[in-house]
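Asks:
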Amino acid sequence: MNIPRTDLPRVVIIGGGFAGMALARKILKENMQMVMLDRHNYHTFQPLLYQVSTSGLEPDSIAYPLRKITRDDPKCFFRLAEVTSISADSNTIHTSIGDLVYDYLVIATGSKTNFFGNESIEKHGMWMKTVPQALNIRSLILENLEQATITEDPEKRKALLNFVLVGAGPTGVELSGAIAELRNHIVPKDYPDVDPNEMHIHLLEGLDRVLPPMSEHASKKAHKFLDELGVKIHLNTMVESYDGHLVKTNTDLAIKTETFIWSAGVKGAPVKGLNASAMVEKAGRYEVNAFNQVQGYENIFAIGDIALMKTEKFPKGHPMVAQPAIQQGKHLAKNIKHLIRGEKLETFEYYDKGTMATVGRNRAVVDLGKWKFSGFFAWFVWMFVHLWFLVGFRNRTVTFFNWIYNYINYDKAARLIIRPFKGKEETMTMDSDKV
Ligand SMILES: Cc1cc2nc3c(=O)[nH]c(=O)nc-3n(C[C@H](O)[C@H](O)[C@H](O)COP(=O)(O)OP(=O)(O)OC[C@H]3O[C@@H](n4cnc5c(N)ncnc54)[C@H](O)[C@@H]3O)c2cc1C
Numbered sequence: 081m082n083i084p085r086t087d088l089p090r091v092v093i094i095g096g097g098f099a100g101m102a103l104a105r106k107i108l109k110e111n112m113q114m115v116m117l118d119r120h121n122y123h124t125f126q127p128l129l130y131q132v133s134t135s136g137l138e139p140d141s142i143a144y145p146l147r148k149i150t151r152d153d154p155k156c157f158f159r160l161a162e163v164t165s166i167s168a169d170s171n172t173i174h175t176s177i178g179d180l181v182y183d184y185l186v187i188a189t190g191s192k193t194n195f196f197g198n199e200s201i202e203k204h205g206m207w208m209k210t211v212p213q214a215l216n217i218r219s220l221i222l223e224n225l226e227q228a229t230i231t232e233d234p235e236k237r238k239a240l241l242n243f244v245l246v247g248a249g250p251t252g253v254e255l256s257g258a259i260a261e262l263r264n265h266i267v268p269k270d271y272p273d274v275d276p277n278e279m280h281i282h283l284l285e286g287l288d289r290v291l292p293p294m295s296e297h298a299s300k301k302a303h304k305f306l307d308e309l310g311v312k313i314h315l316n317t318m319v320e321s322y323d324g325h326l327v328k329t330n331t332d333l334a335i336k337t338e339t340f341i342w343s344a345g346v347k348g349a350p351v352k353g354l355n356a357s358a359m360v361e362k363a364g365r366y367e368v369n370a371f372n373q374v375q376g377y378e379n380i381f382a383i384g385d386i387a388l389m390k391t392e393k394f395p396k397g398h399p400m401v402a403q404p405a406i407q408q409g410k411h412l413a414k415n416i417k418h419l420i421r422g423e424k425l426e427t428f429e430y431y432d433k434g435t436m437a438t439v440g441r442n443r444a445v446v447d448l449g450k451w452k453f454s455g456f457f458a459w460f461v462w463m464f465v466h467l468w469f470l471v472g473f474r475n476r477t478v479t480f481f482n483w484i485y486n487y488i489n490y491d492k493a494a495r496l497i498i499r500p501f502k503g504k505e506e507t508m509t510m511d512s513d514k515v
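Residue numbers (my numbering): 81 to 515.
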């Protein structure tokens, strides 16, 4: 890997997501050698992926080069690599570019899509965890609109103009709201041959309300906002199969569609090699103690989505969202410094800063402890928070001006088919066991 072995303790971080990056930034320039590995050379701001897939933002607005983090400290290294397994006995990780010995290992590999064992969905559906996947969805949506303008067969046209999203969590809600905005504002101008009334957005949810992780207030408001945008919501509806053309559910509902996006669940994305007792099998996450040490290992830590820390308040672990990941990353930085200095470790305490979701332009819902609000002010707060947490001044500036442009012009700047939609065989399966 071309990384010198020095006298300094070596901290290896697998994953430059929210958790890995928060940790790395806090241990730069400390008395240790840090090595970060990721299969991408950039950090992805996943909360805004849906804007890439619906032509609102270019991918480089939501991605940040990981080498920009390590370049400030000559003792720190980034390597573009897939970590394939861990040999804890010899303190070694095995990767696509060779092996590396660690003193402290931090697993921050995040999560991957959970299909709950449904093979037809995994084979034919789309999901959105990475920039290439979001771009693929963008191409698919735009190509289907192009096809719809020239298709004479009414049944085929119907399927091209039906957009089915499964899972009404924040991703499903935000994505369906954004596709509805596309239909309401872009399609009438760009695709005069397509009747927007023929374009239907279906949001399917197995539970009895949208945004199940949020408050009742947020659910009701989001439901109302989606109704106003013309999204068809199907609650208590479980998808049984999708064969690439037809969605079948556990109710009478069956929908012909060429666009089926699965956002109904995630599970951890572990790396092979640790003892089975370190894993909570169903969740695919490593069980960690209050210091983020993986069960059974003293020098291996897990942070972010991949870590399951059971506490009194969170008996099933913290929610798999950005804040616990960021907070655990920062906290572990303190503890690694303590370890190196031979000091006592501090336990992690999660501070819940609230949850929010946006539903098209001008509308959002926010839960901030007992304070719950929605509508324009909530949307404003949502925008501010997302800009604040976007990594990098350039990204913030570009995103800010893009949003202003889109807002004033009712336009979407990035509706380009740069590379045609690629089917599963070419792209998604490539990532399917990883992402
Ligand atoms: C579409 C979408 C929308 C979301 N919206 C929100 C939101 O609005 N608010 C919110 O709080 N949260 C949201 N989340 C969840 C949030 O993004 C995650 O909780 C957060 O990213 C977790 O951070 P992490 O560091 O644990 O993992 P990640 O950010 O996923 O980072 C993991 C990193 O590890 C790398 N990696 C994984 N395995 C390997 C390997 N074997 N070898 C090398 N590299 C590897 C990956 O490439 C990635 O860079 C959303 C997630 C998605 C997918």
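We put the CB at the ideal spot given by N, CA and C, even for glycine.
Since we're looking at a predicted model, the values are computed, not measured.
1. Should MET510 go down as buried or exposed, given a rule of 16 or more other Cβ atoms within 10 Å for buried?
2. Any heavy atom of ligand 1 within a distance shorter than 7 angstroms of the CB on TYR130?
3. Where GLY75 and ALA405 are concerned, what is the direct C-alpha to C-alpha distance, given to the nearest angstrom?
4. Would you kindly report the start and end of the unbroken alpha helix (DSSP H) that includes PHE195?
5. Is ALA258 close to ligand 1? I mean its beta-carbon at under 7 angstroms from any heavy atom of the ligand.
6. Decide if HIS123 is buried, meaning its Cβ has at least 16 other Cβ atoms within 10 Å, or exposed.
7. Let me confirm a value: TYR322 is counted as buried when at least 16 other C-beta atoms fall within 10 Å, else exposed. Which label applies?
8. Could you tell me whether the region 298 to 309 touches the region 442 to 451, where touching means 3 or more Cβ pairs closer than 8 angstroms?
9. Whose C-beta lies closer than 6 angstroms to the C-beta of ALA413 among residues of the same chain, with five residues either side of it excluded?
10. So is the beta-carbon of LYS433 under 7 angstroms away from any non-hydrogen atom of ligand 1?
11. Have a look at ASP152 and GLU110 and give me their C-alpha separation to the nearest angstrom.
12. Can LYS209 be considered in contact with ligand 1, in the sense that its beta carbon sits closer than 7 angstroms to one or more heavy atoms?
13. Taking its Cβ as the centre, do 16 or more other Cβ atoms sit within 10 Å of GLY249, making it buried, or is it exposed?
14. Is there contact here, the region 371 to 389 with the region 224 to 243, by at least three beta-carbon pairs under 8 angstroms?
15. Assign PRO487 to one of two classes, buried (16 or more other C-beta atoms within 10 Å of its C-beta) or exposed (fewer than that).
16. By DSSP's criteria, ALA522 is part of a beta bridge. Which residues make up the other side?
17. Please determine whether the Cβ atom of PHE98 lies at a distance below 7 angstroms from any heavy atom of ligand 1.
18. Could you name the residues of the same chain whose beta carbon sits closer than 8 angstroms to that of MET208, not counting the 5 residues immediately before and after it, in chain order?
19. Bridge partners for GLN375 per DSSP, in chain order?
20. Using a 10 Å radius around the Cβ and a threshold of 16 neighbouring Cβ atoms, would you call ALA349 buried or exposed?
21. Measure from the alpha carbon of LEU212 to the alpha carbon of each residue in LEU245, ILE142, PRO276, then state which is nearest.
22. Shorter than 7 angstroms, the distance from the beta carbon of GLY384 to the closest heavy atom of ligand 1, or not?
23. With a threshold of 7 angstroms, establish whether the CB of ALA161 neighbours any heavy atom of ligand 1.
24. According to DSSP, is ARG263 helix, strand or coil?
25. Find the nearest neighbour of PHE394 within the set THR172, LYS417, GLU429, judged by alpha-carbon distance.
26. Determine the direct distance from the alpha carbon of GLY455 to that of ASN242, and round the result to whole angstroms.
Replies: Looking at the coordinates:
1. As a working note, residue 510 is residue 430 in the sequence shown. With a pLDDT of only 42 at MET510, under 50, the local geometry of the prediction cannot be trusted, and no value is derived from it.
2. Indexing the sequence shown from 1 puts residue 130 at position 50. Within the cutoff, so yes.
3. Nothing can be reported for residue 75, as the shown portion of the chain is limited to 81 through 515.
4. Within the sequence shown, the letter at position 115 stands for residue 195. Where PHE195 is concerned, there is no enclosing alpha helix (DSSP H), because DSSP gives it neither an H nor an E.
5. Here residue 258 refers to the residue found at position 178 of the sequence shown. Checking every heavy atom of ligand 1 against the Cβ of ALA258, none is found closer than 7 angstroms.
6. Here residue 123 refers to the residue found at position 43 when the sequence shown is read from its first residue. Buried.
7. As a position in the sequence shown, residue 322 is number 242, starting the count at 1. Looking at its Cβ environment, which holds 16 or more other Cβ atoms inside 10 Å, TYR322 is buried.
8. yes
9. Locating residue 413 in the sequence shown gives position 333, where the first residue counts as 1. Once the five neighbours on either side are set aside, the close Cβ partners of ALA413 are LEU103, LYS106, ILE107.
10. The count along the sequence shown starts at 1 and reaches residue 433 at position 353. The answer is no for LYS433.
11. Within the sequence shown, residue 152 is the residue found at index 72, counting from 1. Within the sequence shown, residue 110 is the residue found at index 30, counting from 1. Each residue's alpha carbon lies about 12 angstroms from the other.
12. What you label residue 209 is simply residue 129 of the sequence shown in a count that begins at 1. Annotation for LYS209 indicates a beta carbon within 7 angstroms of some heavy atom of ligand 1.
13. One-based indexing of the sequence shown puts residue 249 at position 169. Looking at its Cβ environment, which holds 16 or more other Cβ atoms inside 10 Å, GLY249 is buried.
14. no
15. Residue mapping note: residue 487 aligns to position 407 of the sequence shown, counting from 1. Checking the sequence shown, residue 487 turns out to be Tyr, not Pro. Residue environment for TYR487: exposed (fewer than 16 other C-beta atoms within 10 angstroms of its C-beta).
16. There is no way to answer for residue 522, as the model of the chain reaches only from 81 to 515.
17. For the purposes of this step, residue 98 is identified with residue 18 of the sequence shown, where counting begins at 1. True, at least one ligand heavy atom lies under 7 angstroms from that Cβ.
18. For the purposes of this step, residue 208 is taken as residue 128 along the sequence shown, with counting starting at 1. Cβ contact annotation for MET208 (same chain, cutoff 8 angstroms, sequence separation greater than five): LEU129, TYR130, SER133, ALA214, ILE217, THR251, LEU255, ILE341, SER343, in chain order.
19. Stepping through the sequence shown from its first residue, residue 375 is reached at position 295. According to DSSP, GLN375 bridges with nothing at all.
20. On the sequence shown, residue 349 is found 269 positions in, with the first residue counted as 1. Buried.
21. The count along the sequence shown starts at 1 and reaches residue 212 at position 132. Just to set this straight, residue 212 is Pro in the shown sequence, not Leu. Minimum Cα distance to PRO212 is reached at ILE142.
22. What you label residue 384 is simply residue 304 of the sequence shown in a count that begins at 1. True, at least one ligand heavy atom lies under 7 angstroms from that Cβ.
23. Here residue 161 is taken as the residue at index 81 of the sequence shown, counted from 1. Yes; taking the cut-off as 7 angstroms, the Cβ of ALA161 has a heavy atom of ligand 1 nearer than that.
24. Taking the sequence shown and counting its residues from 1, one reaches residue 263 at position 183. It is helical.
25. The residue given as residue 394 occupies position 314 in the sequence shown. Nearest of THR172, LYS417, GLU429 to PHE394, Cα basis: GLU429.
26. Start at 1 with the first residue of the sequence shown, and residue 242 comes out as number 162. Start at 1 with the first residue of the sequence shown, and residue 455 comes out as number 375. Cα to Cα, ASN242 sits roughly 27 angstroms from GLY455.
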